[in-house]
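Just so we're on the same page, my numbering is the position in the sequence shown counted from 1, plus 31. Take a look at the structure set out below.
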Amino acid sequence: MKLYEHNDRVMTYILDDKARTVGDKVFVRHRGESVTYEGLSQGANKIANFLIRELGVKPQDKVAVILPNGVDFFYAQFGVAKAGAVMVPINVMAKLDLLTHFLNNSDAKVVIIDEQFLPLIHSIDGTIPNVGALIVRSPELKKETFKTDFRLIPFKEMFSGASVPVEQLAEWHEPVDIFYTSGTTGVSKGVVLSHNHHYTFGLAIARYSRVGPDDVMYICLPLYHGMGSYMSIMPMLLCEGSIGLGDRFSASRWLSEVREYGATVTWAVYSMAPILMKQEVKPDDAQNPLKVYLFSGIPPEVAEPFEKRYGLKLMESYGSTESADLAHSLWDERRPGAVGPINTEHYDIKMVNEHDEEVPVG
């Protein structure tokens with residue numbers, strides 16, 4: 032797996048580098064639609080050129096993305112990054128006050144949005160003064176049916192221009208996106224993440240999960256979430272692998288989609304394994320291509336039966352949005368109830384008490 036020097040640890044530089052070397056290889060598939068490395072790079076160029084030329088988007092401007100899972104999310108993500116701007120992926124379930132908070136707190140100037148979410152924008156029209164344009168993904172956008180002062184632009188219009196390469200407008204240490212937390216301790220907070228953060232974390236995942244160019248990552252988590260986005264996209268980009276994308280997690284479709292995509296690795300959250308274990312047991316459950324099931328938390332009593340039933344290896348990872356991969360389990364040793372050793376290569380960690388005083392391990 033190719034490693035990159037600091038100055039080259041920019042998502043779009045890495046994509047373009049892969050487009051030159053494995054351009055014809057499919058990077059992502061969804062519902063019968065396939066996009067190659069080169070196709071994604073060219074499409075992202077078109078979006079970046081449009082954002083810069085038509086909307087005056089400047090480096091470090093914020094562009095919100097409200098899209099369901101699909102290849103268009105990939106185009107938007109890399110297109111915004113090529114413009115040197117910062118993507119703000121927004122939970123598609125966000126309503127009124129929360130959506131207003133996301134857009135105002137991030138200072139989003141442009142919103143790339145699916146048509147189904149336009150009524151929400153209409154409901155908060157007048158409370159998001161910094162938003163100037165909506166780029167709407169719609170089979171046939173009828174502007175007269177949506178009365179608004181926003182400039183409305185069909186998503187497909189961004190692909191009408193030339194795919195002229197854009198000069199690199201971001202540095203490795205600069206922000207590439209803002210992910211909002213779930214808000215368990217208050218209002219959702221925007222976590223500003225850099226290109227280097229994504230590179231470093233993606234490389235760590237690729238290494239400890241041992242993925243390579245023949246591997247396929249199955250993503251059924253939402254792309255507005257870190258696990259569905261950079262935690263899945265970056266390791267596969269770095270190892271020159273592929274991604275099979277689902278609309279959402281469905282216990283009844285999970286195994287069939289894994290088989291359909293030939294997926295060898297996948298990400299999951301705590302609740303998914305117990306739900307999958309409640310599915311009707313079939314004699315061929317273990318006859319699937321999955322080798323590695325990456326997860327963040329799993330009930331110990333479920334872990335071993337899950338591994339045996341589906342014939343795979345569990346790899347646990349612990350972290351947070353802003354400090355991902357603090358610890359992960361080892362390939363040859365996973366102890367129930369323990370995440371694994373601390374990632375001392377990338378983090379300095381202290382154990383402290385309620386007074387922030389360091390305490391011994393144990």
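All C-beta atoms in this analysis are idealised placements derived from N, C-alpha and C, irrespective of residue type, glycine included.
Next item on the list: Mind listing, in chain order, the continuous beta strand (DSSP E) runs of no fewer than 3 residues lying wholly within the segment 155-230?
Entry: 164-168, 182-185, 206-211 and 221-225
Notebook entry, point to check: Are there 16 or more other CB atoms within 10 angstroms of the CB of residue 32, so buried, or fewer, so exposed?
Noted result: Position 1 of the sequence shown holds residue 32. Counting Cβ neighbours within 10 Å, residue 32 comes out exposed, since fewer than 16 surround it.
Notebook entry, point to check: Which residue from 319, 139 and 258 puts its Cα closest to that of residue 287?
Noted result: Counted from its first residue, the sequence shown places residue 287 at position 256. Selected option, being the one with the closest Cα: 319.
Check: Exposed or buried, residue 73, counting other C-beta atoms within 10 Å across all chains shown (16 or more means buried)?
Finding: As a first step, residue 73 must be located in the sequence shown, where it is residue number 42. So residue 73 counts as buried.
Checklist line | Inter-residue spacing [alpha-carbon to alpha-carbon] between residue 373 and residue 276 | finding: Counting from 1 along the sequence shown, the entry for residue 373 is found at position 342. Counting from 1 along the sequence shown, the entry for residue 276 is found at position 245. So the alpha carbons of these two residues sit roughly 31 Å apart.
Notebook entry, point to check: According to the Cβ coordinates, are residue 219 and residue 132 closer than 8 Å?
Noted result: For the purposes of this step, residue 219 is taken as the residue at position 188 of the sequence shown. For the purposes of this step, residue 132 is taken as the residue at position 101 of the sequence shown. A contact, by the Cβ cut-off of 8 Å.
Item checked: Meets three-Cβ-pair contact criterion under 8 Å: the segment 303-312 and the segment 145-159 -> no
Next item on the list: Would you mind giving the Cβ-Cβ distance between residue 166 and residue 195, rounded to the nearest angstrom? I have them listed as a contact below 8 Å.
Entry: Counting from 1 along the sequence shown, the entry for residue 166 is found at position 135. Counting from 1 along the sequence shown, the entry for residue 195 is found at position 164. Their Cβ separation, rounded to whole angstroms, is 19 Å, which puts residue 166 and residue 195 out of contact at 8 Å.
Notebook entry, point to check: Around the C-beta of residue 405, are 16 or more other C-beta atoms found within 10 angstroms, so that it is buried, or is it exposed?
Noted result: In the structure as shown, the chain starts at 32 and stops at 393, and residue 405 therefore has no counterpart that could be examined.
Check: What did DSSP end up calling residue 295 once you bin it into helix, strand or coil?
Finding: Sequence index remark: in the sequence shown, residue 295 carries index 264 (1-based). Coil, per DSSP.
Margin query: Please state whether the Cβ-Cβ distance between residue 53 and residue 68 is less than 8 Å.
Written below: Here residue 53 refers to the residue found at position 22 of the sequence shown. Here residue 68 refers to the residue found at position 37 of the sequence shown. Yes, the pair counts as a contact, with Cβ atoms nearer than the cut-off.
Checklist line | Residue of 334, 79, 323 and 291 minimising C-alpha distance to residue 62 | finding: For this step, residue 62 is matched to residue 31 along the sequence shown. It is 291.
Margin query: Taking the alpha helix (DSSP H) that residue 328 belongs to, which residues open and close that run?
Written below: Stepping through the sequence shown from its first residue, residue 328 is reached at position 297. Counting along the chain, residue 328 falls outside any alpha helix (DSSP H), and DSSP gives it neither H nor E.
Checklist line | Alpha carbon of residue 48 to alpha carbon of residue 55, nearest angstrom | finding: Within the sequence shown, residue 48 is the residue found at index 17, counting from 1. Within the sequence shown, residue 55 is the residue found at index 24, counting from 1. The straight-line gap from Cα to Cα measures roughly 13 Å.
Check: What alpha helix (DSSP H) runs, 4 residues minimum, are completely inside the segment 39-92?
Finding: 42-53 and 68-86
Checklist line | C-alpha gap between residue 71 and residue 64, whole angstroms | finding: Within the sequence shown, residue 71 is the residue found at index 40, counting from 1. Within the sequence shown, residue 64 is the residue found at index 33, counting from 1. Using only the alpha carbons, I get a separation of about 12 Å.
Next item on the list: Check each candidate in 265, 379, 91 and 255 and name the one with the smallest Cα separation from residue 199.
Entry: As a working mapping, residue 199 is identified with position 168 in the sequence shown. Looking at the Cα atoms, 91 is the closest of the given residues.
Notebook entry, point to check: In the DSSP assignment, what are the bridge partners of residue 145?
Noted result: Walking along the sequence shown from the start, residue 145 turns up at place 114. Bridge partners of residue 145: 168.
Margin query: Taking the alpha carbon of residue 313 as the reference point, which residue from 108, 245 and 340 has its own alpha carbon closest?
Written below: Translated into positions along the sequence shown, residue 313 becomes position 282. Comparing Cα-Cα distances from residue 313 to each of 108, 245 and 340, the minimum goes to 340.
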